[in-house]
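K.L.:
Mapped onto the numbering used here, the consecutive letters of the sequence shown carry residue numbers 1 to 135. We put the CB at the ideal spot given by N, CA and C, even for glycine.
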Amino acid sequence: MKTFLLLFSLSSTILFFTVQKNKPLKESIADGEMIYNDFCLQCHLPNGKGVEGAFPALAQADFLFKNIDRSIASLKYGTQEPIIINGIEYNGLMVDQGLEDQEVADVMNYILNSWGNSHPHMITFERVQSIKPND
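#1: From the DSSP output, in three-state form, read off K132 for me.
#2: Taking DSSP as the reference, what is the three-state secondary structure of E27?
#3: Measuring alpha carbon to alpha carbon, tell me which of K23, G48 and C40 ends up nearest E114.
#4: If we ignore side chains and look at the alpha-carbon of each, how far apart do A30 and F63 end up?
#5: Name the DSSP bridge partner or partners of V51?
#6: So which of Y110, C43, K66 and S71 has the shortest CA-CA distance to K132?
#7: What beta strand (DSSP E) runs, 3 residues minimum, are completely inside the stretch 51–106?
Structure, rendered in C-alpha coordinates:
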(Lines of atoms letter the chains of each structure in order from A and count residues from 1; the text may use other names and numbers.)
(Lines give C-alpha, C1' and ligand atoms only; values in the text may rest on other atoms or scores of the structure.)
Protein backbone atom coordinates (compact mmCIF):
# COMPACT_ATOMS: atom_id res chain seq x y z
CA MET A 1 0.00 0.00 0.00
CA LYS A 2 2.83 2.41 0.84
CA THR A 3 4.46 1.67 -2.51
CA PHE A 4 1.19 2.36 -4.31
CA LEU A 5 0.74 5.68 -2.54
CA LEU A 6 4.33 6.68 -3.25
CA LEU A 7 3.97 5.81 -6.96
CA PHE A 8 0.61 7.58 -7.15
CA SER A 9 2.05 10.69 -5.53
CA LEU A 10 5.08 10.67 -7.82
CA SER A 11 3.00 10.18 -10.98
CA SER A 12 0.60 12.96 -9.90
CA THR A 13 3.52 15.33 -9.38
CA ILE A 14 4.99 14.50 -12.80
CA LEU A 15 1.59 14.99 -14.43
CA PHE A 16 1.14 18.35 -12.67
CA PHE A 17 4.47 19.68 -13.95
CA THR A 18 3.85 18.31 -17.45
CA VAL A 19 0.51 20.09 -17.59
CA GLN A 20 2.08 23.31 -16.33
CA LYS A 21 4.73 23.23 -19.07
CA ASN A 22 2.15 22.79 -21.83
CA LYS A 23 -0.42 25.42 -20.93
CA PRO A 24 -2.53 26.90 -23.73
CA LEU A 25 -1.11 29.89 -25.61
CA LYS A 26 -3.85 32.22 -24.34
CA GLU A 27 -2.97 31.35 -20.73
CA SER A 28 0.76 31.72 -21.44
CA ILE A 29 0.18 35.18 -22.92
CA ALA A 30 -1.91 36.24 -19.90
CA ASP A 31 0.78 34.99 -17.50
CA GLY A 32 3.42 36.68 -19.66
CA GLU A 33 1.65 40.01 -19.40
CA MET A 34 1.87 39.88 -15.60
CA ILE A 35 5.58 39.04 -15.80
CA TYR A 36 6.16 41.81 -18.35
CA ASN A 37 4.47 44.30 -16.05
CA ASP A 38 6.69 43.22 -13.15
CA PHE A 39 10.05 42.94 -14.92
CA CYS A 40 10.06 44.59 -18.36
CA LEU A 41 7.66 47.52 -18.35
CA GLN A 42 10.08 49.93 -16.65
CA CYS A 43 12.46 49.91 -19.61
CA HIS A 44 10.39 48.76 -22.58
CA LEU A 45 7.28 50.75 -21.52
CA PRO A 46 3.61 49.72 -21.46
CA ASN A 47 3.34 50.06 -25.25
CA GLY A 48 6.49 48.00 -25.95
CA LYS A 49 8.11 50.92 -27.80
CA GLY A 50 11.06 51.28 -25.41
CA VAL A 51 13.19 54.42 -25.42
CA GLU A 52 15.03 55.04 -28.68
CA GLY A 53 18.78 54.58 -28.30
CA ALA A 54 18.47 53.38 -24.69
CA PHE A 55 15.92 50.56 -24.35
CA PRO A 56 14.99 48.60 -27.48
CA ALA A 57 11.49 48.52 -28.86
CA LEU A 58 9.67 45.21 -28.63
CA ALA A 59 6.63 46.39 -30.58
CA GLN A 60 7.06 45.41 -34.23
CA ALA A 61 10.78 44.86 -33.68
CA ASP A 62 12.45 43.24 -36.68
CA PHE A 63 15.29 41.83 -34.55
CA LEU A 64 12.90 40.01 -32.26
CA PHE A 65 11.34 37.96 -35.06
CA LYS A 66 14.58 37.31 -36.97
CA ASN A 67 16.45 36.22 -33.81
CA ILE A 68 13.96 34.50 -31.53
CA ASP A 69 16.47 32.14 -29.90
CA ARG A 70 18.89 35.01 -29.27
CA SER A 71 16.01 37.04 -27.84
CA ILE A 72 15.13 34.15 -25.54
CA ALA A 73 18.79 33.86 -24.47
CA SER A 74 18.93 37.61 -23.77
CA LEU A 75 15.86 37.39 -21.58
CA LYS A 76 17.02 34.20 -19.88
CA TYR A 77 20.65 35.17 -19.22
CA GLY A 78 20.85 38.91 -19.80
CA THR A 79 23.05 40.45 -22.48
CA GLN A 80 25.38 43.30 -23.22
CA GLU A 81 25.96 42.60 -26.89
CA PRO A 82 25.14 45.42 -29.30
CA ILE A 83 22.02 44.87 -31.41
CA ILE A 84 20.23 46.74 -34.17
CA ILE A 85 16.45 46.96 -33.95
CA ASN A 86 14.47 48.65 -36.72
CA GLY A 87 17.68 50.34 -37.87
CA ILE A 88 18.61 51.75 -34.45
CA GLU A 89 21.70 50.48 -32.59
CA TYR A 90 21.46 49.59 -28.91
CA ASN A 91 24.58 48.90 -26.91
CA GLY A 92 23.31 48.72 -23.36
CA LEU A 93 23.15 46.13 -20.64
CA MET A 94 20.14 43.94 -20.00
CA VAL A 95 20.62 42.13 -16.71
CA ASP A 96 19.47 38.60 -16.02
CA GLN A 97 16.00 38.99 -14.54
CA GLY A 98 16.13 35.68 -12.67
CA LEU A 99 13.11 34.25 -14.47
CA GLU A 100 12.36 30.53 -14.60
CA ASP A 101 12.16 28.90 -18.04
CA GLN A 102 8.34 28.82 -18.01
CA GLU A 103 8.26 32.51 -17.11
CA VAL A 104 10.61 33.28 -20.01
CA ALA A 105 8.34 31.31 -22.37
CA ASP A 106 5.28 33.15 -21.08
CA VAL A 107 6.75 36.63 -21.41
CA MET A 108 8.10 35.80 -24.88
CA ASN A 109 4.61 34.65 -25.92
CA TYR A 110 3.18 37.91 -24.57
CA ILE A 111 5.77 40.05 -26.37
CA LEU A 112 5.45 38.13 -29.64
CA ASN A 113 1.68 38.61 -29.62
CA SER A 114 1.25 42.20 -28.38
CA TRP A 115 1.41 45.75 -29.80
CA GLY A 116 0.80 44.62 -33.37
CA ASN A 117 3.19 41.68 -33.09
CA SER A 118 1.90 38.30 -34.23
CA HIS A 119 3.88 35.08 -34.08
CA PRO A 120 2.48 31.83 -35.52
CA HIS A 121 4.25 29.48 -33.09
CA MET A 122 4.07 29.21 -29.32
CA ILE A 123 7.33 29.49 -27.40
CA THR A 124 7.39 26.43 -25.16
CA PHE A 125 9.07 25.61 -21.89
CA GLU A 126 11.10 22.98 -23.73
CA ARG A 127 12.38 25.48 -26.30
CA VAL A 128 13.44 27.93 -23.59
CA GLN A 129 15.05 25.11 -21.59
CA SER A 130 17.12 24.13 -24.65
CA ILE A 131 18.56 27.65 -25.08
CA LYS A 132 22.07 28.05 -23.73
CA PRO A 133 24.06 31.28 -23.21
CA ASN A 134 25.22 32.92 -26.45
CA ASP A 135 22.56 31.19 -28.61
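P.N.:
In short:
#1: By 1-based counting over the sequence shown, the position of residue 132 is 132. Of the three classes helix, strand and coil, the one that applies to K132 here is coil, per DSSP.
#2: Numbered from 1 along the sequence shown, position 27 holds the residue referred to as residue 27. Three-state DSSP puts E27 in a helix.
#3: For the purposes of this step, residue 114 is taken as residue 114 along the sequence shown, with counting starting at 1. One point to set straight first is that residue 114 is Ser, not Glu, in the sequence displayed. The shortest C-alpha separation from S114 is found at G48.
#4: Sequence index remark: in the sequence shown, residue 30 carries index 30 (1-based). Sequence index remark: in the sequence shown, residue 63 carries index 63 (1-based). One C-alpha to the other measures close to 23 Å.
#5: The count along the sequence shown starts at 1 and reaches residue 51 at position 51. Beta-bridge pairing links V51 to F55.
#6: Here residue 132 corresponds to residue number 132 of the sequence shown, with the count starting at 1. Ranking Y110, C43, K66 and S71 by Cα distance to K132 puts S71 first.
#7: 83–85 and 88–90
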